[in-house]
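With the sequence shown counted from 1, adding 1 to any position gets you the numbering used here.
Everything below concerns the one structure shown next.
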Amino acid sequence: MLHTHTLFRNSNLYKIEFSPSGRDADLHFTDTITGKNIGRIHCSGILGIILETNQYFDYCDPEDGLFPYFVPELTLTQYAEHAEIMLNAGMFLKITAAQITCIEQAMAD
């Protein structure tokens, strides 16, 4: 069964953490206006990663870097045997994993 939906619309990706084994990863997101943590996406049992920066960053400029990275839309597609997230905004990032879970942070007023 194929199921696709959007996660963390108009947010900032501020960190990608890999487990010591490299088989799991967490992508952390913040609110673009307040800068507060809004949650993370946990990718368990990574099957593949594609990252294409498309020369979007100028690494010669010490002020230019990858994070925080504005994410207009991140999609999660759930297949019968695996799941994948995809970001295509300036750079292209696709992670395929056995399981992908969105863990949203409760927003305090």
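Beta carbons are placed, not taken as given, at the ideal position from N, Cα and C, and that holds for glycine.
Quantities reported herein were computed from a predicted structural model and do not represent experimental measurements.
What does the alpha-carbon distance come out to for the pair residue i and residue j?
| i | j | result |
| --- | --- | --- |
| residue 11 | residue 33 | 7 Å |
| residue 95 | residue 56 | 17 Å |
| residue 88 | residue 24 | 20 Å |
| residue 35 | residue 46 | 32 Å |
| residue 22 | residue 105 | 25 Å |
Flag this pair as yes or no: are the beta carbons of residue i and residue j separated by less than 8 Å?
| i | j | result |
| --- | --- | --- |
| residue 42 | residue 86 | yes |
| residue 80 | residue 3 | yes |
| residue 53 | residue 93 | yes |
Within a Cβ cutoff of 7 Å, which residues of the same chain sit near residue i, ignoring the five residues on either side of it in sequence?
| i | result |
| --- | --- |
| residue 74 | 7 and 10 |
| residue 31 | 12, 13, 15, 37, 38, 39 and 69 |
| residue 83 | 48, 97, 98 and 99 |
Excluding the five sequence neighbours on either side, which residues of its own chain have a C-beta within less than 6 Å of the C-beta of residue i, listed in chain order?
| i | result |
| --- | --- |
| residue 102 | 43 |
| residue 78 | 5 and 85 |
DSSP three-state call for residue i: helix, strand or coil?
| i | result |
| --- | --- |
| residue 81 | coil |
| residue 38 | strand |
| residue 9 | coil |
| residue 22 | coil |
| residue 55 | coil |
| residue 105 | strand |
Using 10 angstroms around the beta-carbon of residue i, count the other beta-carbons present and answer buried if the total reaches 16, otherwise exposed.
| i | result |
| --- | --- |
| residue 17 | buried |
Kindly list the residues whose CB is nearer than 8 Å to the CB of residue i, restricted to its own chain and excluding five residues on each side of it in sequence; keep chain order.
| i | result |
| --- | --- |
| residue 126 | Only positions 2 to 110 of the chain appear in this structure, which leaves residue 126 out of reach. |
Contact criterion: CB-CB distance below 8 Å. Does residue i meet it with respect to chain D?
| i | result |
| --- | --- |
| residue 3 | Given the protein chain composition of this structure (a single chain), no chain D is represented. |
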